[in-house]
Amino acid sequence: MANYTLSKEIYSHLMNGKMLNKHLLDNAGDDTVNPLFIEIIDNKDEYVKQYKMSGYHLVIAPINDPEYICIVATGTLDGTKTELAMKAMTMLLVIGQYINHHKFKLSKLTNAKSGGLTEDDFLKMADMPHVKEILEKSKLITKGERTLQDVVMKLLVHRDIMIEVPSKKAYILTNAGHSFYQEIQRKFDTESELANEEDNTTIDTQAS
Numbered sequence: 003m004a005n006y007t008l009s010k011e012i013y014s015h016l017m018n019g020k021m022l023n024k025h026l027l028d029n030a031g032d033d034t035v036n037p038l039f040i041e042i043i044d045n046k047d048e049y050v051k052q053y054k055m056s057g058y059h060l061v062i063a064p065i066n067d068p069e070y071i072c073i074v075a076t077g078t079l080d081g082t083k084t085e086l087a088m089k090a091m092t093m094l095l096v097i098g099q100y101i102n103h104h105k106f107k108l109s110k111l112t113n114a115k116s117g118g119l120t121e122d123d124f125l126k127m128a129d130m131p132h133v134k135e136i137l138e139k140s141k142l143i144t145k146g147e148r149t150l151q152d153v154v155m156k157l158l159v160h161r162d163i164m165i166e167v168p169s170k171k172a173y174i175l176t177n178a179g180h181s182f183y184q185e186i187q188r189k190f191d192t193e194s195e196l197a198n199e200e201d202n203t204t205i206d207t208q209a210s
C-alpha cells in the first residue's frame, strides 16, 4: 500500500517537472537509494493509476532496469519528447562534445569524488566552436541567463538531470541524466555508422 506522506512528496517533486532518480548523493558524495523512487517501484500499479486519473503518464525508465521516473501529459510517449526535454538533450549534446573534445573519461560526468563539471569547464565549453550557434538556434539562452552555466542550472540541475556534488561546486549526471546521455551517444554512433555506409557505397559506385 502506498505511503500517504511519501506520496505527497512524490507529487510535489514530479509536478515541478523534476526527474525522480534511483539514487541520491549523500554528504560524502556516495550514492544512496532514493526512498521516493523505491516507494513508487514497490507500489507501481497504485501510482500509475493515480497519475493516469490526473491526466498524466508515469514514465518509469528504462523498462527492464528502472533508473528514473517522471511524468508527462497523457498522449506523450515518454519524458524525452517534450520541448523542454529536447532542450535538455541539446544541452547534454553540447556537454558531450566538450567531453569528447578534451578526451575526458565518462567518469568526468558520473564520479562525484573524482569528476564533475566546474565553472571553469562551463566557461571553456562556451568558447568551443559552434556552441554559441547551437545555443542560439535552439533558443537555450534567454534574457535571464547570461552564462552557459545558467542554462545548465535551469535545464539540467533544477530538473534533477544533473546534481551538485556536496562540498564542491561541481556537477555530475544523475541516473536520468546518464540515461539520456547514453541515448544521445547511441544516436550519434548510429548516425556515424550510416554516414560511413553511405560514403562507402559512393566510393564503390564511383569505382565501378
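In this text, residue positions in the sequence shown follow the numbering used here: the first is 3, and each later residue adds one. Even for Gly, the Cβ is constructed at its ideal location relative to N, Cα and C. Since we're looking at a predicted model, the values are computed, not measured.
Give me the Cβ distance between residue 169 and residue 92, rounded to the nearest whole Å; I'm assuming they're in contact under 8 Å. Numbered from 1 along the sequence shown, position 167 holds the residue referred to as residue 169. Numbered from 1 along the sequence shown, position 90 holds the residue referred to as residue 92. Between residue 169 and residue 92 the beta-carbon gap is near 30 Å, outside 8 Å, which marks them as no contact.
Strand pairing of residue 34, partner residues [DSSP]: Within the sequence shown, residue 34 is the residue found at index 32, counting from 1. The partner list for residue 34 (beta bridge, DSSP) reads 26.
Take residue 20 and list the residues in its own chain whose beta-carbon comes closer than 6 Å to its own, dropping the five residues that flank it on each side. Translated into positions along the sequence shown, residue 20 becomes position 18. Counting only residues of its own chain and dropping the five nearest sequence neighbours on each side, residue 20 has a CB closer than 6 Å to the CB of 161 and 162.
Cα-Cα, which of 122, 117, 159 and 64 is closest to residue 43? Reading the sequence shown from its first residue, position 41 is the one you call residue 43. The residue from 122, 117, 159 and 64 with its alpha-carbon nearest to that of residue 43 is 64.
Among 50, 35, 87 and 8, the one whose alpha carbon lies nearest that of residue 181: One-based indexing of the sequence shown puts residue 181 at position 179. The shortest C-alpha separation from residue 181 is found at 87.
By Cβ distance below 6 Å, which residues in the same chain neighbour residue 59 in space, the five residues on each side in sequence not counted? Translated into positions along the sequence shown, residue 59 becomes position 57. Cβ neighbours of residue 59 within its own chain (closer than 6 Å, five residues either side excluded): 74 and 76.
Just to check my reading of the structure: residue 157 and residue 89 have Cβ atoms closer than 8 Å, yes? What is that Cβ distance to the nearest angstrom? Your numbering for residue 157 matches position 155 in the sequence shown. Your numbering for residue 89 matches position 87 in the sequence shown. Indeed they touch by this definition, with Cβ atoms about 6 Å apart.
Are the region 126-141 and the region 106-116 in contact at 8 Å, needing three or more beta carbon pairs? Segment contact: the region 126-141 against the region 106-116, fewer than three CB-CB distances shorter than 8 Å; contact not assigned.
Enumerate, from N- to C-terminal direction, the unbroken alpha helix (DSSP H) stretches of 4 or more residues contained entirely within the region 134-188. Correct list: 150-154.
According to DSSP, simplified to helix, strand and coil, what is residue 59? The residue you call residue 59 lines up with position 57 of the sequence shown. DSSP places residue 59 in strand when its eight states are reduced to three.
Helix or strand or just coil, what does DSSP make of residue 128? On the sequence shown, residue 128 is found 126 positions in, with the first residue counted as 1. The DSSP-derived three-state label of residue 128 is helix.
Helix, strand or coil for residue 73 per DSSP? Walking along the sequence shown from the start, residue 73 turns up at place 71. DSSP, read as helix, strand or coil, puts residue 73 in strand.
On the three-state DSSP scale, how would you describe residue 119? If you number the sequence shown from 1, residue 119 lands on position 117. In the displayed model, residue 119 falls within a strand according to three-state DSSP.
7 Å Cβ cutoff met for residue 38 and residue 27: Position 36 of the sequence shown, counted from the start, is the residue given in the question as residue 38. Position 25 of the sequence shown, counted from the start, is the residue given in the question as residue 27. Cβ atoms of residue 38 and residue 27: not closer than 7 Å.
How many whole angstroms separate the CB atoms of residue 178 and residue 41, which I take to be in contact at a CB cut-off of 8 Å? In the sequence shown, the residue the question calls residue 178 occupies position 176. In the sequence shown, the residue the question calls residue 41 occupies position 39. The beta-carbon separation of residue 178 and residue 41, rounded to 17 Å, does not stay under the 8 Å limit for a contact.
Can you tell me where the alpha helix (DSSP H) holding residue 103 begins and where it ends? For the purposes of this step, residue 103 is taken as residue 101 along the sequence shown, with counting starting at 1. DSSP places residue 103 inside the alpha helix (DSSP H), whose first and last residues are 85-103.
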